[in-house]
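Residue numbers (the numbering used here): 1 to 385.
Every residue, glycine too, gets a C-beta built ideally from N, C-alpha and C.
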């Protein structure tokens, strides 16, 4: 199969192709390669190291490369491995059954989108805690904004604030790396304050220009043991003159499960102050229903693994529909992340999802290009500014 795929790729005009017959050598090659690896095409069944194990090791490199998975196994197994990959920093372009057909391979490769900001790979991706602390104090941490759009009328509802770090010598460091470092070395408080303050100031600036945007910010599990958190958030919003009803704290399912008693008190007091609460990555944990019953969430955010390409995956579609109906039954907003193609949008529209975000609408945008995107989006969709 390796020779057949190599020949197919060359016939498609792709000249920079490296063929390696085992996963261990492939991993070493990718880690030591000075140039970026864009796409990895891998079988699942391989000697020494199987494709599932390879995916775990690729993720540990901190790369955001794309995968095309090939296998003669049960299609449900391919779906499971795709879901596993999408939980990491990897993006699965397609899962192909053997024998690989040329048109399916072409479709998979055409789905590849080079990242706007190249991420370091191999040794360059390694950063240390003292570098992150310096980055926070030196202003190297910036915030990008991913728009959230109402499905019913396509109007812009708000933005999610996302941290970005451009290292002066190592380039862009993936959030999956530096957020983990911040949590491990007790810097997540500083990092969150940095993101919160930047995002709040920026959205207020846009509000003053006439753009009334809702703001969502992620809060780590380690912050939900700080009993003064509700007062700190409330005080900052009041000082800046930002409506509490237009701000949402996003927490993951696993976040709430860490210390249920303290987290429940903190989240309840945030709601008492009219601050929104979103359960992020819904469906990826194991205690979702209990949390929805016990915590006054105002928003249910459906994980991207159930959204993208769900139109051709009956299991994902069933979970997606159930999640949206659950949000309706609880009278809270449903938000779908990971909307990347027309089919994703059309299905969510049909199912009655409230808000969507994803590359189909816009990638996370730096503040200097955000307003131009707003104007272009309004013009394209014939919406008033």
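Item                                                                                                                         : Value
Candidates 198, 186, 208, 60: closest to residue 226 by CA position                                                          : 186
Straight-line Cα distance separating residue 4 from residue 163                                                              : 42 Å
Local conformation of residue 97 per DSSP, three classes                                                                     : strand
Contact set for residue 39: own chain, Cβ-Cβ below 8 Å, skip 5 residues either direction                                     : 65, 66, 67, 68, 93, 109, 112
Cβ shell of residue 361 (< 6 Å), same chain only, five flanking positions each side left out                                 : 147, 149
Alpha-carbon spacing of residue 18 relative to residue 41, whole angstroms                                                   : 10 Å
Sheet register partners of residue 150 (DSSP bridge)                                                                         : 355
Beta-carbon proximity list for residue 173, same chain, < 6 Å, skipping 5 on both sides                                      : 127, 165, 167
Alpha carbon of residue 107 to alpha carbon of residue 169, nearest angstrom                                                 : 36 Å
Residue 25, enclosing alpha helix (DSSP H) - first and last residue                                                          : 23 to 32
As assigned by DSSP and simplified to three states, the class of residue 80                                                  : helix
Delimiting residues of the alpha helix (DSSP H) encompassing residue 54                                                      : 51 to 60
Contacting residues, own chain, Cβ-Cβ under 8 Å from residue 241 (five flanking each side not counted)                       : 204
Residue 310 in three-state terms, based on DSSP                                                                              : helix
Local conformation of residue 213 per DSSP, three classes                                                                    : coil
Helix, strand or coil at residue 225 according to DSSP, with G and I counted as helix                                        : coil
Spatial neighbours of residue 340 in its chain, beta-carbon cut-off 7 Å, leaving aside the 5 residues before and after       : 308, 358, 359, 360
The stretch 299 to 314 touching the stretch 258 to 270, judged by at least three CB pairs closer than 8 Å                    : no
Buried or exposed by the 16-neighbour rule on C-beta atoms within 10 Å, applied to residue 22                                : exposed
Sheet register partners of residue 207 (DSSP bridge)                                                                         : Looking at the DSSP assignment, residue 207 forms no beta bridge with any residue, so it has no partner.
Selected residue, minimal CA-CA separation from residue 325, among 264, 354, 247                                             : 354
Neighbourhood of residue 157 by C-beta distance below 6 Å, restricted to the same chain and skipping five residues each side : 148, 150, 214, 355
Residue 210 to residue 374 span [Cα, whole Å]                                                                                : 12 Å
Nonlocal neighbours in the same chain, by C-beta distance under 8 Å from residue 335, ignoring five residues either side     : 148, 278, 299, 300, 301, 302, 353, 354, 355, 356, 357
Of the listed residues 246, 193, 221, 368, nearest to residue 232 (C-alpha basis)                                            : 193
Boundaries (first-last residue) of the beta strand (DSSP E) holding residue 157                                              : 156 to 167
Span separating the alpha-carbon of residue 265 from that of residue 216                                                     : 20 Å
Reduced DSSP category for residue 43 - H, G, I as helix; E, B as strand; rest coil                                           : strand
Whole-angstrom C-beta distance between residue 132 and residue 181, which should lie under 8 Å                               : 5 Å
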